[in-house]
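Chains as they are written, first to last, in the numbering used here: chain A, 299 to 651; chain B, 299 to 651.
Even glycine gets a Cβ: it sits at the ideal position worked out from N, Cα and C.
Fair warning: this is a prediction, and the values are worked out from it, not measured in the lab.
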DNA sequence: CTGTTAGCGCATTCAG
DNA sequence: CTGAATGCGCTAACAG
């Protein structure tokens, strides 16, 4: 007799997930659940024969460890939370790859959320991640540190990538924005340009501020004033950058060079110039020299003379993750946050013909 | 007297995480843990006054629900597993955004792993995700279905994006590869080209096979033979595509048109042509007509006459996620997998001057 | 409306 | 070397 739900007895108490548990394996192997657990954890202090019996039972039952239950006991979820302002941006996609790479090497998985540059959404994501017991967090932060309080975070370490937050003293990895922007600007000035436009995104964005700072710094160093009417910030996407660049081109006295503070703005500038050339003819458009922060695909085929400040987003992700794991593994214990600035390189592309 | 670990009494049993639990909140609010739980779940069947008391206690203790413990009880992890062949590819980054968007709308989070086109790694990721009790899986599959057996998957629904797997009857979202490739090829043939090159990635990759199929189909329809020596597959990145294209350009009888089966190959072709023009002079290079599958940034500024088959990766992600949630929510119950083919559009770009 | 009991699946005690 | 008891934090199921 092996009847279960067939007759009208007890409701045949359906076990939670229906998937086999340590108990099922233990029964089949004729051992205690504890022995199964030991085998699962490497099989130390288990006689080879028992071990083998258990291993066979595991295969036969199709058992798989429930990580959730484990982490409830162990206080180790094996999860890292990652929030990114825009996952679809190739730059951050590459960064995510770097994070994932390091996390996988440490046997952790990443929970990824898109904050969409929205602080409230970011706070919600962080809260949710913490509720899932992530062991640490990596953020491309949206802005201030009002959320991200110690009470909220508990003792979960946190690392910031690409942007810092004033007043939040945690491990942070940045690009050398100031250095890169000033080096680029210096070069333009040294080439003889005195009317250089600046196209950037919102100044509320950390990197935007820093790159503008580098731009001004170079001018100060060379004793050449910044032409304020040529400083245009707030363009978050290619099309708005294109519009602004078109305006600049139609000024009575247009810039002779342009610094694009990120690849969105640089590409917008290329578009505006090339579009005007195609409509008004090449002669109608002043000869513009372009320097952009961030490299991008096909930069070397730009129809406008271009140089870029290039850097490695994947390395950015790797670094942030590495610093996080150093804390998780206790390899780094200082309370104060570390600040790493990744170096940049200047690349110059030739023009066709 | 409030001494704890100070004297040599009991080891002051440190509670698991040190973070407050329902019990802590219950004590402070002078209610049972169950009432706390009810308040946390929306507060139905709880007197407003109690509810308020509990809510205050929650704030005071800084309590946050432990999702892990919840899902152990509920059998609902609130997690979706996603494996992608290469997260750094802008195309899949955009797709991931679509998935995340839909998942967030369903109050789920995504666990993301990079399979790196490696079936073994993919299998490992899937196993790990299932161990974490994901409610469902979305994959850009690497290849066959040898892993992904029903035993492994249990009853977790699975959706495939971008590629199908022979013999795995699950919900699948594809791009209209065959239709797009044949439409593009047809147009080239109708423009009078009879020697059209095909640059694609490995034929073992699903989309690669399908796009080559469309290419051949169009030839068959028009009664024009495929020039087999011009069919080159296996290029997985831009630089190898560039190399192959250079070879084609140096054939005694080079192609008059090229179909790039994905954006890596199309960009490689552009590079090869432009590079040769720059080195050997524009006259030395035959006039080539280019048609590419996938759109990409700056495609409209291509120095080579270009058309593209464009489509929307974010929508691909949204669709896959939507189908998955339809199954999770029981809105769709047929066992057989559904197949959706997303439409493509043809775009033509003018040449400069 | 509220509380008590019990157990999700696992692993850390502690006895044998 | 092995097992029994216990509880991680939470919430169904059932009393009251």
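Min CB distance residue i to chain A below 8 Å
| i | result |
| --- | --- |
| residue 388 of chain B | yes |
| residue 303 of chain B | Residue confidence for residue 303 of chain B is low, a pLDDT of 33 falling below 50, so the modelled location carries little weight; the figure read from the coordinates is stated next. No - not a single Cβ of chain A is within 8 Å of the one on residue 303 of chain B. |
| residue 329 of chain B | no |
| residue 370 of chain B | yes |
| residue 481 of chain B | no |
| residue 312 of chain B | Reliability fails at residue 312 of chain B, whose pLDDT of 43 lies under 50, so the model's placement of it is uncertain and no value is given. |
| residue 436 of chain B | no |
| residue 337 of chain B | no |
| residue 636 of chain B | no |
| residue 358 of chain B | no |
| residue 306 of chain B | Unreliable positioning characterises residue 306 of chain B in this predicted model, as indicated by a pLDDT of 31, which lies under 50. A coordinate reading is not provided. |
| residue 395 of chain B | yes |
| residue 613 of chain B | no |
| residue 345 of chain B | no |
| residue 407 of chain B | yes |
Interface flag, residue i vs chain B, CB-CB below 8 Å
| i | result |
| --- | --- |
| residue 590 of chain A | no |
| residue 601 of chain A | yes |
| residue 458 of chain A | no |
| residue 577 of chain A | no |
| residue 375 of chain A | yes |
| residue 398 of chain A | yes |
| residue 604 of chain A | no |
| residue 378 of chain A | no |
| residue 352 of chain A | no |
| residue 670 of chain A | A query on residue 670 of chain A cannot be resolved here, the shown segment of chain A reaching from 299 to 651 and no further. |
| residue 300 of chain A | Residue confidence is low: residue 300 of chain A scores 33 on pLDDT, short of 50, so the model does not pin down where it sits. Its coordinate-derived value is still stated next. Chain B, which has no Cβ nearer than 8 Å to the Cβ of residue 300 of chain A, makes this no. |
| residue 309 of chain A | In this predicted model, residue 309 of chain A has a pLDDT of only 32, less than 50, meaning its place in the structure is not dependable; the value taken from the coordinates is given anyway. Chain B, which has no Cβ nearer than 8 Å to the Cβ of residue 309 of chain A, makes this no. |
| residue 515 of chain A | no |
| residue 362 of chain A | yes |
| residue 596 of chain A | yes |
| residue 410 of chain A | yes |
| residue 365 of chain A | yes |
Cβ-Cβ distance between residue i and residue j below 8 Å
| i | j | result |
| --- | --- | --- |
| residue 453 of chain A | residue 641 of chain A | no |
| residue 497 of chain B | residue 556 of chain B | yes |
| residue 381 of chain A | residue 411 of chain A | yes |
| residue 408 of chain A | residue 435 of chain A | no |
| residue 391 of chain A | residue 385 of chain B | yes |
| residue 359 of chain A | residue 322 of chain A | yes |
| residue 429 of chain B | residue 363 of chain A | yes |
| residue 505 of chain A | residue 438 of chain A | no |
| residue 399 of chain B | residue 616 of chain B | yes |
| residue 320 of chain B | residue 348 of chain B | no |
| residue 512 of chain B | residue 483 of chain B | yes |
| residue 478 of chain A | residue 500 of chain A | no |
| residue 431 of chain B | residue 377 of chain B | yes |
| residue 674 of chain A | residue 352 of chain A | Here chain A covers residues 299 to 651 and nothing more, so residue 674 of chain A does not appear. |
| residue 619 of chain B | residue 401 of chain B | yes |
| residue 608 of chain B | residue 647 of chain B | no |
| residue 583 of chain A | residue 547 of chain A | yes |
| residue 366 of chain B | residue 370 of chain A | yes |
| residue 459 of chain B | residue 614 of chain B | yes |
| residue 528 of chain A | residue 550 of chain A | no |
| residue 639 of chain A | residue 472 of chain A | yes |
Distance cut-off 7 Å: residue i Cβ against heavy atoms of the ligand NAD
| i | result |
| --- | --- |
| residue 452 of chain B | No copy of the ligand NAD appears in this structure; indeed no ligand is present at all. |
**Message:** Could you check whether the region 614-627 of chain B touches the region 586-600 of chain B, counting it as contact only if at least three pairs of C-beta atoms, one from each stretch, sit closer than 8 Å?
**Reply:** Judged by Cβ distances under 8 Å, the region 614-627 of chain B makes no contact with the region 586-600 of chain B, as fewer than three pairs qualify.
**Message:** Across the region 557-575 of chain A and the region 600-609 of chain A, are there enough close Cβ pairs to call them in contact, namely three or more that are closer than 8 Å?
**Reply:** By the Cβ test, the region 557-575 of chain A is in contact with the region 600-609 of chain A, since at least three Cβ pairs between them sit closer than 8 Å.
**Start-end ranges of the beta strand (DSSP E) lying completely within the region 465-505 of chain A, minimum 3 residues** = Assignment of beta strand (DSSP E) within the region 465-505 of chain A, counting only whole runs of 3 or more residues, yields 469-473, 494-498 in chain order.
**Request:** Please determine if the region 480-497 of chain A and the region 574-583 of chain A are in contact, where contact requires at least 3 C-beta pairs separated by less than 8 Å.
**Result:** The region 480-497 of chain A and the region 574-583 of chain A do not touch, with fewer than 3 CB-CB distances between them shorter than 8 Å.
**Prompt:** Per the contact definition of three or more C-beta pairs closer than 8 Å, is the region 515-522 of chain B in contact with the region 476-490 of chain B?
**Reply:** Contact holds: three or more Cβ-Cβ distances are below 8 Å.
**Asked** Considering only residues of the region 314-383 of chain A, which uninterrupted beta strand (DSSP E) runs meet the minimum length of 3 residues and lie entirely inside it, listed in chain order?
**Response** Whole beta strand (DSSP E) segments, 3+ residues: 377-382.
**Prompt:** Which whole runs of the alpha helix (DSSP H) in the region 591-650 of chain A are 4 residues long or more, in chain order?
**Reply:** Qualifying alpha helix (DSSP H) stretches, in chain order: 611-626.
**Request:** Anything in the region 443-454 of chain A with a Cβ closer than 9 Å to a Cβ of chain B? List those residues in chain order, please.
**Result:** Answer in chain order: 449, 450, 452, 453.
**Message:** Contact between the region 527-542 of chain B and the region 561-569 of chain B is defined here as three or more beta-carbon pairs at a separation below 8 Å; is this criterion met?
**Reply:** Below 8 Å, enough C-beta pairs join the region 527-542 of chain B and the region 561-569 of chain B to call them touching: three or more.
**Request:** Using a Cβ-Cβ cut-off of less than 8 Å, give me the residues of the region 548-578 of chain A that come near chain B, in sequence order.
**Result:** Those would be 565, 568, 569, 572, 575, 576, in chain order.
**Item:** Residues of the region 414-440 of chain A with Cβ closer than 8 Å to any Cβ of chain B, in chain order
**Value:** Listed in chain order, the positions of the region 414-440 of chain A with a beta carbon within less than 8 Å of a beta carbon of chain B are 425, 426, 427, 428, 429, 430, 431.
**Against chain A: residues of the region 496-530 of chain B by CB proximity under 9 Å** = Correct list: empty, as no residue qualifies.
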